[in-house]
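Encoded as structure tokens, the structure appears first; notes follow it.
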Amino acid sequence: MYAAFGRDIDVELIAGSGGVYEVIVDGKSIFSKKQTGRFPNEGEIVALIRA
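Numbering (this note's numbering), first residue to last: 4 to 54.
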């Protein structure tokens with residue numbers, strides 16, 4: 004993330020359980036492992052943030 008956005012992004016990791024993996028940007032979910040059934044592909048999160 005920092006390689007793509009530098010200091011223009013704040014990242015917060017919140018530990019969870021049960022394989023939860025959610026990415027939320029400005030209060031909106033942009034990726035959910037629970038919904039997709041998979042982890043994101045390399046570069047996918049950066050592409051979703053830029054979209």
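From the three backbone atoms N, C-alpha and C, an ideal C-beta is built for every residue, glycine too.
Going by DSSP, residue 27 is part of no alpha helix (DSSP H) but of the beta strand (DSSP E) stretching over 25 to 28. For residue 33, the enclosing beta strand (DSSP E) stretches over residues 31 to 35.
The beta carbon of residue 49 sits closer than 6 Å to those of 7, all from its chain and outside the five residues before and after it, given in chain order. In the DSSP assignment, residue 8 falls within the unbroken alpha helix (DSSP H) covering 5 to 8.
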